[in-house]
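Just below is one structure, and these are the notes that go with it.
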Ligand code: AMP
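Residue numbers (my numbering): 448 to 1004.
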C-alpha cells in the first residue's frame, strides 16, 4: 500500500470533527488494509509508530528533524526554523518547503507504508556513536522520497503530533465496526495484547472467538490498572461495603514478569527496567514460586536510618541508571510490596475478583520481610477501622491508603471505580508542557513560564489548562530550560511551542471554568510539584478528569 493512501485517510479525518464520521472513515479504511499491514497501520492512525510494549522509540526531536529538512530542501537550518515559525505548524511548513523543492526535482517515487515503517524502525534502532547522524540521514532519505502532503504527516508522526483527532477509543470502535465484532471484545483483547495491530489482525482473521483467545505473554507488559481518588472514606464504604485497605506506598510501580529463572521488570510506562533493578529481579526469581507469573507491586526506597520513604527523584534516579548499577543498589536499596497478580501458569487472572487474585498472590510468594513482601492489608467493613488504618499509614510516612473493591476485576489503563486512593493533599494533576515563554530581566535566557495541557480523551489532542511560572526555583528554571530546549519546535508571538514530551505534576488551589483556554478550564495558582519522568504524554491526565475534579470540588463546597 502506498503511503499516500494513508495520507488521504489522514486528510479525510482532519476534515471532519464528527466522531461518527471519523469512526466510519477508519473502519472502512481498515477493511481495505491488507493483512500484513494490519500489524502497523492501526498504530499509525493514532500517530504512534511502535506499540506501547515495544522497546523501540524514534528519539527524534525538532532539532534533528530540522536538520533533515534542511538537508533535503537545501535550506539552512535557521531558515527552516523561520519558515516553521511563520507557518505556526511544523507539518504545514514542511509541506510548503517540500513543494518548492519538488518543482526542482523531476522524478518522484511512490513511497510505501511498509518503507516508511522500516525507515522509522531504522531510526529507532540507531544507537551509540554517530547515531544522530544516521537518524538524520534516514529521515532525510524518507523526506526526499515523500510528496509535500506525505511530508506533512511524516513529520507530524515523528514529533508525536499527528492531530487528526483519532484517539484510542475511536480506533477501538472502528476496529469493532470494520470486522463486525463487539467493542467489548476489542477492548478486552487490547488490554491483554496491548497492541492494536495484533487486535485488528486477529479480529479480521478470526473474529470474536479469535479475540477471546489472545493470550497474555510473559515478557510483554500490560497497562496498569489505575486508582480513582476517593470522594471520602465514608462514601467509598457506603458504595463497597466490605473492602480491602492497603497502604499506599510512595514509590514506583513495577510489573514483574517471571518465566522459569528469568525475570523482567517493567515500569509504569512499560519500559523494561530490569537491568537497573538487579536486586528486585534477584529477589523475585527466588521468592515467586511459580514457573510463569506476572505480578505487580510498588518499589519503595526506604531510608535505612529514618525508616521513611525517600524522595521520588531518588527512585527515578535508580530506575534510569545504566552504569554502576551495583553502586546505586547499595546507595538506594529498594523494598518491594506486591499488590496484584495478572497471570499465573498459563492462566489470565485479570477477570478474577481482587480477593481471589490476592489469595493466589499470597500462595506463590515466599515473603522476605522488609525486602519483598505483600502490601500490608486489612479487610474490613468498619469505617472507624479504615480511619485508623489511614492515620497509621500517614504516621509511618506513607503516601496514603488504597481502598479496593474485593469483587473487582483488574482493568488495565482505566480509572474505574474499583480501586480508590486516599491522600491528605489535594489531588494534583499530571500535565504535559506544550509551550513555554522566555523569561525577562533576571530570568532572561531561561524558559520561565510553562503552558500546561491536558489530553482530550476523545480526540487525543492536548488542550491548555493554564500556565505556571511563579514559584519555580532557580534550580528548577535551569532544569526545565535544559529539558525543554531540545523540544522547541518554533516560536510564535513570544511563545515557544514544544514537542509534547515532558509531563509535570501540578498542584493548584482550584479549578475554574474558563473561556480563555481550549480545554474550557483553568487552574488557579498552579505550582509545579515535580517532573513525572515515569509518565508519558499519553498517560497525562485528561480534560475529562479535570472536569470530574471540577465537579467534585463543587460538591464539596
Ligand atoms: P496515583 O499514581 O496517585 O494515581 O496512585 C496509584 C499508584 O499508587 C499505583 O499506580 C501504584 O504505583 C501506587 N501504589 C502504592 N501502593 C499501592 C497499593 N497497595 N495498591 C495499588 N497501588 C499502589
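Cβ coordinates follow ideal geometry from the N, Cα and C atoms, glycine included.
CA-to-CA distance, residue j to residue i, given in whole angstroms
i, j, result
"residue 610", "residue 882", "16 angstroms"
"residue 476", "residue 456", "8 angstroms"
"residue 521", "residue 590", "12 angstroms"
"residue 460", "residue 619", "16 angstroms"
"residue 855", "residue 801", "6 angstroms"
"residue 587", "residue 516", "7 angstroms"
"residue 711", "residue 606", "30 angstroms"
"residue 837", "residue 599", "53 angstroms"
"residue 843", "residue 755", "7 angstroms"
"residue 937", "residue 538", "12 angstroms"
"residue 581", "residue 541", "20 angstroms"
"residue 745", "residue 821", "10 angstroms"
"residue 961", "residue 811", "52 angstroms"
"residue 790", "residue 940", "52 angstroms"
"residue 573", "residue 831", "57 angstroms"
"residue 995", "residue 841", "26 angstroms"
"residue 685", "residue 848", "17 angstroms"
"residue 874", "residue 987", "14 angstroms"
"residue 535", "residue 624", "36 angstroms"
"residue 797", "residue 738", "18 angstroms"
"residue 583", "residue 514", "7 angstroms"
"residue 473", "residue 622", "8 angstroms"
Supposed close pair residue i, residue j - CB separation, criterion 8 angstroms
i, j, result
"residue 487", "residue 644", "6 angstroms"
"residue 691", "residue 867", "11 angstroms between Cβ atoms; not a contact."
"residue 747", "residue 697", "7 angstroms"
"residue 768", "residue 723", "5 angstroms"
"residue 946", "residue 494", "At roughly 12 angstroms, the Cβ-Cβ gap does not stay under 8 angstroms, so residue 946 and residue 494 are not in contact."
Chain-order list of residues whose beta-carbon lies under 8 angstroms from that of residue i (same chain, five-residue window excluded)
i, result
"residue 504", "497, 571"
"residue 763", "699, 980, 981"
"residue 973", "899, 913, 914, 915, 953, 954, 955"
"residue 484", "448, 560, 561"
Own chain residues within Cβ distance below 6 angstroms of residue i, not counting five before or after
i, result
"residue 702", "668, 713, 743"
"residue 556", "592"
"residue 1011", "For the chain, the structure presents residues 448 to 1004; residue 1011 sits outside this window and is missing."
"residue 823", "694"
"residue 519", "587, 590, 591"
"residue 500", "641, 667, 668, 717"
"residue 564", "487"
7 angstroms CB neighbourhood of residue i in its chain, flanking five on each side removed
i, result
"residue 813", "734, 736"
"residue 948", "934, 984"
"residue 681", "830"
Where residue i falls, given that 16 or more other Cβ within 10 Å makes a residue buried
i, result
"residue 604", "buried"
"residue 695", "buried"
"residue 544", "buried"
"residue 576", "exposed"
"residue 467", "exposed"
"residue 770", "exposed"
"residue 925", "exposed"
"residue 632", "buried"
"residue 502", "exposed"
"residue 1014", "This structure does not reach residue 1014, given that the chain is present from 448 up to 1004, and the question cannot be answered."
"residue 464", "exposed"
"residue 627", "exposed"
"residue 895", "buried"
"residue 758", "exposed"
Complete runs of the alpha helix (DSSP H) confined to the region 622-695 [at least 4 residues]: Positions of the alpha helix (DSSP H) runs, each at least 4 residues long and wholly inside the region 622-695, are given as 630-640, 643-659, 680-687 in order along the chain.
Those runs of the beta strand (DSSP E) which lie wholly inside the region 888-945 and span at least 3 residues: Taking 3 residues as the shortest admissible run, the region 888-945 contains the following complete beta strand (DSSP E) segments, listed from N- to C-terminal end: 894-902, 909-915, 935-939, 942-945.
Unbroken stretches of the alpha helix (DSSP H), 4 residues or longer, contained in the region 492-556: The DSSP assignment places complete alpha helix (DSSP H) segments of no fewer than 4 residues inside the region 492-556 at 509-520, 524-534, 537-549, in order along the chain.
Ranges of the beta strand (DSSP E) found wholly within the region 813-867, counting only runs of at least 3: Segments of the beta strand (DSSP E) lying fully in the region 813-867: 819-821, 824-827, 847-852.
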